[in-house]
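Asker: I have a structure I would like to understand better, so I am pasting it below and will then ask my questions one at a time.
2 protein chains.
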Amino acid sequence: MALSAKTQYGIVSLIELAAIYEQGSVLQVAEIAQRQGIPDRYLEQMLTTLRRAQILRSIRGPRGGYQLARPPAEIPLLQVITALEGEVAPRSGSERASAEFDALSALEERLEASRRSILEGTSVQDLLDQRNQLASAQAMYFI
Amino acid sequence: MALSAKTQYGIVSLIELAAIYEQGSVLQVAEIAQRQGIPDRYLEQMLTTLRRAQILRSIRGPRGGYQLARPPAEIPLLQVITALEGEVAPRSGSERASAEFDALSALEERLEASRRSILEGTSVQDLLDQRNQLASAQAMYFI
DNA sequence: AACAATCCCCGCAGGTCAACCGGGGATTGC
DNA sequence: GCAATCCCCGGTTGACCTGCGGGGATTGTT
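These protein sequence lines are chains E and B, in that order. Residues in the first sequence are numbered from 1 upward in steps of one, following the working numbering. Residues in the second sequence are numbered from 1 upward in steps of one, following the working numbering.
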């Protein structure tokens with residue numbers, strides 16, 4: 001699995017919130033959790049993390065909930081994943097001193113760069129579009 | 001870290017073995033482990049795995065050791081990593097039934113495809129070349 | 001003002017997995 | 001025969017992911 005459950009839950013929630021972004025309304029943790037079939041107590045942690053990263057905004061009290069802090073097209077997935085999984089420790093201290101490990105590091109950087117490139121170039125809006133496209137395709141198939 | 005320690009140890013060993021492939025000689029587990037500063041008892045497991053995957057050949061008894069089973073240019077890293085980390089379980093059973101999860105799956109597939117593409121297109125020989133290039137660059141810098 | 005809905009914070013637990021260690025057996029060159 | 005080397009298999013430790021629970025803070029509604 002390329003993405004952890006934590007990350008998947010967070011992103012799926014963002015797609016749901018993106019769908020109602022225009023209306024300026026909110027969704028509650030329990031609401032999202034039930035619809036997606038994921039544990040609400042766990043999802044709460046993800047949404048809190050995303051709020052701290054200023055990707056979400058929260059409203060407390062009755063009729064409260066979460067909403068996107070900015071338009072979904074302005075939320076690259078790289079930011080979301082970085083917030084949820086935490087920063088990668090930048091090669092602290094003991095570099096393996098070996099020419100072979102150095103050559104391998106060059107490869108790892110290429111791998112990470114390619115991954116970053118995709119995640120920087122994909123926004124929550126893109127995933128929402130994809131969801132709608134898949135949904136309509138399924139509707140067509142159904143007829 | 002894009003690659004696990006297990007994978008790193010295995011690949012680094014393959015680079016060392018690629019460097020002596022022409023001579024048809026062998027390297028021993030303890031030899032590689034000491035030079036690379038990695039635990040020998042652990043490295044043994046990786047080399048055993050690579051032998052079972054027919055990437056390495058082993059010779060037992062005194063003066064024994066390991067050598068590549070084929071020319072390093074014919075060993076794509078994807079095979080190495082697949083052998084070391086094991087096959088990815090193919091989406092067993094309980095698909096999350098949700099349009100949002102489906103859209104996310106499409107992204108995950110793109111991520112994995114891009115990774116596979118790099119790992120298929122890079123061989124152990126390529127890493128050996130990179131090592132030699134880095135080594136000579138460092139030599140130039142030293143003068 | 002009281003109440004209830006909702007988010008907020010923090011710590012804990014259980015399971016899984018990566019990384020590593022150790023014991024003893026099989027092979028084989030010298 | 002002996003020692004070097006690979007071979008096999010199981011155990012351990014520590015971290016991390018996933019998830020739960022208790023109680024506190026905020027706020028709309030009545």
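Cβ atoms here follow ideal geometry from the backbone N, Cα and C, with glycine treated the same way.
Exposed or buried, E:Ile11, counting other C-beta atoms within 10 Å across all chains shown (16 or more means buried)?
Answerer: Label assigned to E:Ile11: buried.
Asker: Going along the chain, which unbroken runs of the alpha helix (DSSP H) with 4 or more residues stay wholly within the region 22–64 of chain B?
Answerer: With a minimum length of 4 residues, the continuous alpha helix (DSSP H) runs that stay inside the region 22–64 of chain B are 29–36, 40–52.
Asker: Out of B:Ile15, B:Glu120, B:Tyr141, which has the shortest C-alpha to C-alpha gap to B:Arg35?
Answerer: Taking only the C-alpha atoms, the option nearest B:Arg35 is B:Ile15.
Asker: Is it buried or exposed for E:Gly65, if we count other Cβ within 10 angstroms and need 16 for buried?
Answerer: Buried: at least 16 other Cβ atoms inside 10 Å.
Asker: At least one CB of chain E closer than 9 angstroms to the CB of B:Ile15: is that the case?
Answerer: Cβ-Cβ to chain E under 9 angstroms: yes for B:Ile15.
Asker: Can you list, in chain order, the residues of its chain with a C-beta nearer than 8 angstroms to that of B:Gln28? Leave out the 5 residues immediately preceding and following it.
Answerer: Answer for B:Gln28: Gly64, Gly65, Tyr66, listed in chain order.
Asker: On a CA-only basis, which of B:Gln133, B:Leu107, B:Leu128 is nearest B:Glu22? Give me that one, please.
Answerer: Checking every option, the nearest Cα to that of B:Glu22 belongs to B:Leu128.
Asker: Measure the beta-carbon distance from B:Ser58 to B:Arg51 and round it to whole angstroms, keeping in mind my assumption that it falls under 8 angstroms.
Answerer: Sure, about 5 angstroms apart at Cβ, within 8 angstroms.
Asker: B:Thr122 versus chain E: which residues are under 8 angstroms apart at the beta carbon?
Answerer: Leu107, listed in chain order.
Asker: Assign E:Leu84 to one of three DSSP states: helix, strand, or coil.
Answerer: DSSP places E:Leu84 in helix when its eight states are reduced to three.
Asker: Thinking E:Leu134 and B:Ala99 are a contact (beta carbons under 8 angstroms), I'd like their distance in whole angstroms, please.
Answerer: Yes, E:Leu134 and B:Ala99 are in contact; Cβ-Cβ is about 6 angstroms, under 8 angstroms.
Asker: From E:Ser92 to E:Met140, what distance separates their C-alpha atoms?
Answerer: With a pLDDT of 48 at E:Ser92, under the threshold of 50, the predicted position of this residue should be treated as unreliable, and no value is reported.
Asker: Counting C-beta neighbours from all protein chains within 10 Å, is the total for E:Tyr9 16 or more, i.e. buried, or is it exposed?
Answerer: Buried is the call here.
Asker: Could you give the distance in angstroms between the alpha-carbon of B:Gly24 and the alpha-carbon of E:Ile38?
Answerer: If I take the Cα positions, the gap works out to 56 angstroms.
Asker: Can you look up B:Leu128 in the DSSP assignment and give me helix, strand or coil?
Answerer: In the structure shown, B:Leu128 sits in a helix (DSSP, three-state: H, G or I).
Asker: Mind checking who E:Pro76 pairs with in its DSSP beta bridge?
Answerer: Answer by DSSP bridge pairing, in chain order: E:Ser123.
Asker: Say whether chain E places a C-beta atom closer than 9 angstroms to the C-beta of B:Phe142.
Answerer: Chain E, which has no Cβ nearer than 9 angstroms to the Cβ of B:Phe142, makes this no.
Asker: Name the one or two DSSP bridge partners that E:Leu68 has.
Answerer: E:Leu56.
Asker: How is B:Leu111 classed by DSSP in three states: helix, strand or coil?
Answerer: Reduced to three states, the DSSP call for B:Leu111 is helix.
Asker: Under 8 angstroms by Cβ, that's how I've got B:Thr122 and B:Leu77 pegged, so tell me the actual separation to the nearest angstrom.
Answerer: At roughly 5 angstroms, the Cβ-Cβ gap stays under 8 angstroms, so B:Thr122 and B:Leu77 are in contact.
Asker: My understanding is that B:Thr49 touches B:Ala97, with C-beta atoms under 8 angstroms, so please give their C-beta distance in whole angstroms.
Answerer: In fact, because the Cβ distance is near 37 angstroms, the residues do not count as touching under 8 angstroms.
Asker: What number of angstroms, rounded off, separates the C-alpha of B:Met46 from the C-alpha of B:Ile20?
Answerer: C-alpha separation (whole angstroms): 19 angstroms.
Asker: Which whole-angstrom value is the C-beta distance of E:Leu3 and B:Ala2, which I expect to be below 8 angstroms?
Answerer: Actually they do not touch by this definition, with Cβ atoms about 14 angstroms apart.
Asker: When you check each C-beta in the region 67–92 of chain B against every C-beta of chain E, which residues fall closer than 7 angstroms?
Answerer: Taking 7 angstroms as the Cβ-Cβ cut-off against chain E, none of the residues of the region 67–92 of chain B qualify.
Asker: Please decide whether E:Ser98 counts as near chain B, where near means a Cβ-Cβ distance under 9 angstroms.
Answerer: So yes, E:Ser98 belongs to the interface.
Asker: Could you give the distance in angstroms between the alpha-carbon of B:Arg124 and the alpha-carbon of B:Gln54?
Answerer: The residue you asked about is not Arg; residue 124 of chain B is Val in the sequence shown. Their Cα atoms are separated by approximately 14 angstroms.
Asker: Since E:Ile81 and E:Leu119 should fall inside the 8 angstroms C-beta cutoff, what is the C-beta to C-beta distance between them, to a whole number of angstroms?
Answerer: That pair is a contact at about 6 angstroms.
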